Amino acid sequence: MVPPPMHPLLLIAALLAQAGLSEERARQILPRADLHALTDQQRAQFLEVAGDTFGYAGCNDTLARCLAANVTDKHAPRMAELVKALLLEGLSTSATIEMVERYYASFAKEKRQKLLDQDCAQLGEAKAPVAVVEYSDYQCPHCAAAAKPLRELVRALPAKVRLCFKYFPLPGHPRAPVASACAEYARQQGKFWEMGDLMFAHQEELGDSELKSFARQLGLDGDAMLRQAYAGRFDAVIERHKREGVAAGVQATPTVFFNGRQSTMPLKLEFLVFSAQDEDEWQRNRGGWDKD
30 MVPPPMHPLL LIAALLAQAG LSEERARQIL PRADLHALTD QQRAQFLEVA
80 GDTFGYAGCN DTLARCLAAN VTDKHAPRMA ELVKALLLEG LSTSATIEMV
130 ERYYASFAKE KRQKLLDQDC AQLGEAKAPV AVVEYSDYQC PHCAAAAKPL
180 RELVRALPAK VRLCFKYFPL PGHPRAPVAS ACAEYARQQG KFWEMGDLMF
230 AHQEELGDSE LKSFARQLGL DGDAMLRQAY AGRFDAVIER HKREGVAAGV
280 QATPTVFFNG RQSTMPLKLE FLVFSAQDED EWQRNRGGWD KD
């Protein structure tokens, strides 16, 4: 059997895969994509990704065709920015294609989880349309790394985003349950985020004496905190968070949801803002994208 002919753009991408693609040549092929920040090799990767993925709104064709000069689809340049950002993160061509496709597929109604965004530490305006729910573990290094960009997201989009922090202590982290209980004690005293910052900054030092020291630094009663933590006063809320997370498919931390849509991209500010803005557009249109 004779194989079908390769799409012209994919053929060009294949030919350029090793040689790279200059900025000038990229402008000729993809005039509506700003690729100046990429290397020649990354521009060749971009062309391959664009020829193999489809526009998510408006233009019903490959991203490459949607970036042509005679197309007015406003979503294609935005999608191009996402592809570019992922390539700048060092992702391979295949990994970028997979992540882009998973990201846009995650907006489907059947992919979303029903999560409560109450009974948790919150940051942001109560009526903000994008509820970001994070499941976290105080002994998890990736959770510590995600803490700052998630808070920065709320500051970057103050009228759009509210953050809800939920406890998800993992079995392999023996101090995570008591750390979660101490955080809940601090929440009731108005010092949740401050306590979390101290615990994330000292993940290898979460013994009882260290936890009491953190409490004292915040003007809290460390003895009362540990007494209540070990008495199980906060177990119910921690277990409730964990049950909800398990039901939503959470298996690792941090796991983040935007209005029940699981985040599939790096938990860095650039991607968090991008995802929150898309979520806001999706909600404004009651489950759809803006018209071109």
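In my numbering, the protein residues as written are 30 to 321. Just so it is clear, CB atoms sit at the ideal spot from N, CA and C, and this is done for glycine as well. Quick caveat: nothing in here was measured; it's all calculated off a predicted structure.
In the DSSP assignment, what residue or residues form a beta bridge with residue 163?
-> Counting from 1 along the sequence shown, the entry for residue 163 is found at position 134. The partner list for residue 163 (beta bridge, DSSP) reads 194, 285.
With DSSP run on the structure shown, which of helix, strand or coil describes residue 54?
-> Taking the sequence shown and counting its residues from 1, one reaches residue 54 at position 25. Three-state result, residue 54: helix.
Of all the alpha helix (DSSP H) runs that stay within the bounds of the segment 113-192, which reach a length of 4 or more residues?
-> 122-134, 170-185
Which whole-angstrom value describes the C-beta separation of residue 78 and residue 126, a residue pair presumed to lie in contact below a C-beta threshold of 8 Å?
-> Translated into positions along the sequence shown, residue 78 becomes position 49. Translated into positions along the sequence shown, residue 126 becomes position 97. Contact flag correct, Cβ pair sits at about 5 Å.
Are three or more beta carbon pairs between the segment 79-87 and the segment 120-135 nearer than 8 Å?
-> yes
Presumed contact (8 Å Cβ cut-off) between residue 86 and residue 104, rounded CB distance = On the sequence shown, residue 86 is found 57 positions in, with the first residue counted as 1. On the sequence shown, residue 104 is found 75 positions in, with the first residue counted as 1. The pair is a contact, with the Cβ atoms about 4 Å apart (cut-off 8 Å).
Proximity of residue 162 and residue 146 at Cβ, strictly below 9 Å | In the sequence shown, the residue the question calls residue 162 occupies position 133. In the sequence shown, the residue the question calls residue 146 occupies position 117. It is a contact, given that the beta carbons lie within the stated cut-off.
Compare the C-alpha of residue 276 against each of 106, 141, 319, 252 and name the closest.
-> As a working note, residue 276 is residue 247 in the sequence shown. The residue with the shortest Cα to Cα distance from residue 276 is 141.
CB of residue 112 within 9 Å of CB of residue 136, strictly = Residue 112 sits at position 83 when you count from the first residue of the sequence shown. Residue 136 sits at position 107 when you count from the first residue of the sequence shown. Not in contact: residue 112 and residue 136 (Cβ atoms no closer than 9 Å).
What number of angstroms, rounded off, separates the C-alpha of residue 58 from the C-alpha of residue 178?
-> Residue 58 sits at position 29 when you count from the first residue of the sequence shown. Residue 178 sits at position 149 when you count from the first residue of the sequence shown. Using only the alpha carbons, I get a separation of about 35 Å.
On the premise that residue 102 lies in contact with residue 88, defined as a C-beta separation below 8 Å, what is that separation, rounded to the nearest angstrom?
-> The count along the sequence shown starts at 1 and reaches residue 88 at position 59. The count along the sequence shown starts at 1 and reaches residue 102 at position 73. Sure, about 4 Å apart at Cβ, within 8 Å.
DSSP on residue 290, reduced to helix/strand/coil?
-> Translated into positions along the sequence shown, residue 290 becomes position 261. In this structure, residue 290 counts as strand in the three-state DSSP scheme.
In chain order, which continuous runs of the alpha helix (DSSP H) of length 4 or greater are located wholly inside the segment 184-271?
-> 205-217, 221-230, 237-246, 251-259
CB-CB under 6 Å to residue 52, same chain, minus the five flanking residues each way: which ones, in chain order?
-> Numbered from its first residue, the sequence shown carries residue 52 at position 23. 65, listed in sequence order.
What does a CB cutoff of less than 6 Å around residue 186 pick up in its chain, not counting 5 residues either side in sequence?
-> Taking the sequence shown and counting its residues from 1, one reaches residue 186 at position 157. Within the same chain, residue 186 has close Cβ partners 305.
Give a yes or no on whether 9 Å exceeds the smallest Cβ distance from residue 64 to chain B.
-> Here there is only one protein chain, and chain B is not present.
Spatial neighbours of residue 300 within its chain, please: CB distance less than 6 Å, with the 5 preceding and 5 following residues excluded, ordered by chain position.
-> As a working mapping, residue 300 is identified with position 271 in the sequence shown. Once the five neighbours on either side are set aside, the close Cβ partners of residue 300 are 294.
Could you tell me the distance, in whole angstroms, from the CA atom of residue 98 to the CA atom of residue 134?
-> Looking up residue 98 in the sequence shown gives position 69. Looking up residue 134 in the sequence shown gives position 105. Approximately 27 Å, taken between the alpha carbons.
With distances taken from CA atoms, which of 107, 318, 209 is nearest residue 267?
-> On the sequence shown, position 238 is the one that residue 267 refers to. For the residues 107, 318, 209, the minimum Cα distance to residue 267 belongs to 209.
Let me know the secondary structure DSSP gives residue 31 once reduced to three states.
-> For this step, residue 31 is matched to residue 2 along the sequence shown. Because residue 31 sits at a pLDDT of 39, beneath the cut-off of 50, its placement in the model cannot be relied upon, and the following sentence gives the value as read from the coordinates. It is coil, neither helix nor strand.
Using the beta-carbon count (16 or more within 10 Å), is residue 307 buried or exposed?
-> Your numbering for residue 307 matches position 278 in the sequence shown. So residue 307 ends up on the buried side.
Sheet register partners of residue 101 (DSSP bridge) = Counting from 1 along the sequence shown, the entry for residue 101 is found at position 72. Its beta-bridge partners do not exist; DSSP assigns none.
When the Cα of residue 207 is compared with those of 228, 320, 94, which residue comes out closest?
-> Mapped onto the sequence shown, residue 207 falls at position 178. Among 228, 320, 94, the Cα nearest to that of residue 207 belongs to 228.
Per-residue burial, residue 235 [other beta carbons within 10 Å of its own, 16 or more giving buried] = The sequence position of residue 235 within the sequence shown is 206, counting from 1. Residue 235 comes out buried.
Work out the CA separation of residue 96 and residue 90 for me, nearest whole Å.
-> As a working note, residue 90 is residue 61 in the sequence shown. As a working note, residue 96 is residue 67 in the sequence shown. For residue 90 and residue 96, the distance between alpha carbons rounds to 10 Å.
Do residue 151 and residue 193 have their C-beta atoms closer together than 9 Å?
-> For the purposes of this step, residue 151 is identified with residue 122 of the sequence shown, where counting begins at 1. For the purposes of this step, residue 193 is identified with residue 164 of the sequence shown, where counting begins at 1. Yes; because the gap between Cβ atoms is below 9 Å, this pair is in contact.
Compare the C-alpha of residue 196 against each of 189, 216, 184, 190 and name the closest.
-> For the purposes of this step, residue 196 is taken as the residue at position 167 of the sequence shown. Comparing Cα-Cα distances from residue 196 to each of 189, 216, 184, 190, the minimum goes to 216.
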